[in-house]
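Residue numbers (the UniProt record's numbering): 1 to 148.
Here a beta-carbon is modelled for each residue, glycine too, at the ideal position from N, C-alpha and C.
Below is one structure, written out as structure tokens, with a few remarks after it.
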């Protein structure tokens with residue numbers, strides 16, 4: 001698991017580099033905003049969620065509508081269970097799970113870094129019906145170095 005986390009952190013940093021490039025920012029800009037602490041490293045957290053089956057899933061939401069916190073979230077969805085939705089232009093749309101795929105969510109932090117990024121998307125998790133599902137999140141979060 002330790003080696004896996006090291007590789008995921010590398011992937012998160014690569015995503016930040018690509019974001020820099022696409023936003024026209026200097027290379028390393030977003031990563032530098034995330035570096036913090038005595039050892040000058042980015043916070044890296046892991047969360048694993050499991051939603052058991054529910055016969056009345058249309059009546060509940062597993063998580064309220066929200067914007068992911070921090071900067072970069074690598075989401076590993078169960079490849080058979082729908083549940084993640086995103087709200088864009090007032091319409092909730094399912095995010096189709098793909099086998100061996102990673103959903104990359106950006107929280108509000110990159111939006112603070114550049115005015116080109118608009119806060120127009122929220123996501124939510126629908127409760128799956130009759131199917132077990134597991135979700136893993138790997139989160140790279142901001143530091144106090146971030147300047148508005």
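- Burial check for residue 46: the Cβ neighbour count within 10 Å stays below 16, so the residue is exposed.
- Distance from the CA of residue 4 to the CA of residue 88, rounded to the nearest whole angstrom, comes to 33 angstroms.
- Per DSSP, residue 89 lies in no beta strand (DSSP E) and is assigned neither H nor E.
- Residue 20 counts as buried, since no fewer than 16 other beta carbons sit within 10 angstroms of its beta carbon.
- Where residue 104 is concerned, the enclosing beta strand (DSSP E) starts and stops at 103–106.
- DSSP lists 85 as the beta-bridge partner residues of residue 94.
- Annotation: the continuous alpha helix (DSSP H) that includes residue 12 extends over 2–23.
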